[in-house]
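Here is the structure we will look at.
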């Protein structure tokens, strides 16, 4: 637990990893999706609230339902991806807190506070999306996270009978390395970090 990962592991997770725009015609087994979730769920969230919900769109019917919700720039790559994941959040996540956080009456912290509910659900499901990306990379999968979609249309299409709300999309599968853009620059430590 207190040892650094070796350079090949760090490369797979960070330095060599890329956002993919093209995909190989290779299916992702459902058992691997379950394994992926089982890793993702172990990442920490505030009060263990775990608000993220994941919809694995992997059928032609599911992709057709998703298609009108996508921006034009995300259409082709999403239709080609073996799986597109809707990372959503449950706006009633607090109903699970008696099970997830039995140390205190954490459910009462949220009831009657829509702003706190939304802030907590959105922030923590965003963190869980990042855990999902790194879990996918650790299992040999590639990802392409996206925010170019119509959330109202998507929520109507997929969540009209639930308390779930969309946060972002992630294309998932085995990336076509010939369709990866050149690595873009990153801001240096000296411009983004403060020691105090």
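In the UniProt record's numbering, the protein residues as written are 1 to 196. We treat Cβ as the ideally placed atom computed from N, Cα and C, and that holds for glycine. Just so we're clear, the structure is a prediction, and the values are computed from it rather than from any experiment.
* Could you pull out every unbroken alpha helix (DSSP H) segment of at least 4 residues lying fully inside the UniProt domain "Nitroreductase" (19 to 174), listed in chain order? => Correct list: 30 to 40, 60 to 66, 72 to 80, 97 to 100, 114 to 138, 151 to 159.
* To do: Would you identify the three-state DSSP class for residue 17, choosing helix, strand or coil?
  => Taking the chain shown and counting its residues from 1, the one referred to as residue 17 is at position 17. If DSSP states are grouped into helix, strand and coil, residue 17 belongs with coil.
* Asked: Using the rule of at least 16 other Cβ atoms within 10 Å of the residue's Cβ for burial, across every protein chain shown, is residue 103 buried or exposed?
  -> To locate residue 103, count along the chain shown from 1; it is residue 103. Result: exposed.
* Asked: The alpha helix (DSSP H) with residue 192 in it runs from where to where?
  -> Translated into the one-based positions of the chain shown, residue 192 becomes position 192. Going by DSSP, residue 192 is part of the alpha helix (DSSP H) stretching over 189 to 192.
* Spatial neighbours of residue 18 in its chain, beta-carbon cut-off 6 Å, leaving aside the 5 residues before and after -> Within the chain shown, numbered from 1, the residue matching residue 18 stands at position 18. These residues qualify, in order along the chain: 180.
* Pick from 167, 187, 161, 157: whose alpha carbon is nearest that of residue 65? -> By 1-based counting over the chain shown, the position of residue 65 is 65. Here the closest residue by C-alpha is 157.
* **Status (buried if at least 16 other CB within 10 Å, exposed otherwise) for residue 73** => For the purposes of this step, residue 73 is taken as the residue at position 73 of the chain shown. Per the 10 Å Cβ criterion, exposed.
* Asked: Is it right to say residue 130 is buried, meaning 16 or more other beta carbons lie within 10 angstroms of its own, or is it exposed?
  -> Here residue 130 refers to the residue found at position 130 when the chain shown is read from its first residue. Exposed, because fewer than 16 other Cβ atoms sit within 10 Å of the Cβ of residue 130.
* Is the Cβ-Cβ distance between residue 199 and residue 94 less than 7 Å? -> Shown here, the chain extends from 1 to 196; a query on residue 199 therefore has no answer.
* To do: Go ahead and pull the three-state DSSP assignment for residue 195.
  => Against the chain shown, residue 195 aligns to sequence position 195. In this structure, DSSP gives residue 195 a state outside helix and strand, which the three-state scheme calls coil.
* How is residue 3 classed by DSSP in three states: helix, strand or coil? -> Along the chain shown, one-based indexing puts residue 3 at 3. Coil.
* Three-state secondary structure (DSSP) at residue 206? -> Residue 206 is absent from the structure shown; the chain starts at 1 and stops at 196.
* Taking the C-alpha atoms as reference points, what is the distance between residue 114 and residue 48? -> As a first step, residue 114 is located in the chain shown; it is residue number 114 there, counting from the start. As a first step, residue 48 is located in the chain shown; it is residue number 48 there, counting from the start. Cα to Cα, residue 114 sits roughly 19 Å from residue 48.
* Asked: What residue from 127, 147, 31 has the CA that sits closest to residue 75's CA?
  -> In the chain shown, the residue the question calls residue 75 occupies position 75. The alpha carbon of residue 75 has as its nearest neighbour, out of 127, 147, 31, the alpha carbon of 147.
* **Candidates 57, 149, 126: closest to residue 51 by CA position** => Numbered from 1 along the chain shown, position 51 holds the residue referred to as residue 51. Distances from the CA of residue 51 to each of 57, 149, 126 were compared; the closest alpha carbon is that of 126.
* Beta-carbon contacts of residue 99 that lie in its chain and below 6 Å, excluding the five residues immediately before and after -> Here residue 99 corresponds to residue number 99 of the chain shown, with the count starting at 1. Closer than 6 Å at the Cβ level, and outside the excluded window around residue 99, lies no residue.
* CB of residue 167 within 7 Å of CB of residue 144, strictly -> The residue labelled residue 167 in the question sits at position 167 within the chain shown. The residue labelled residue 144 in the question sits at position 144 within the chain shown. It is not a contact, given that the beta carbons lie outside the stated cut-off.
* What's the C-alpha gap between residue 177 and residue 188? -> If you number the chain shown from 1, residue 177 lands on position 177. If you number the chain shown from 1, residue 188 lands on position 188. C-alpha separation (whole angstroms): 26 Å.
* Asked: Does the separation of the CB atoms of residue 55 and residue 173 fall below 7 Å?
  -> The count along the chain shown starts at 1 and reaches residue 55 at position 55. The count along the chain shown starts at 1 and reaches residue 173 at position 173. The Cβ-Cβ distance between residue 55 and residue 173 does not fall below 7 Å.
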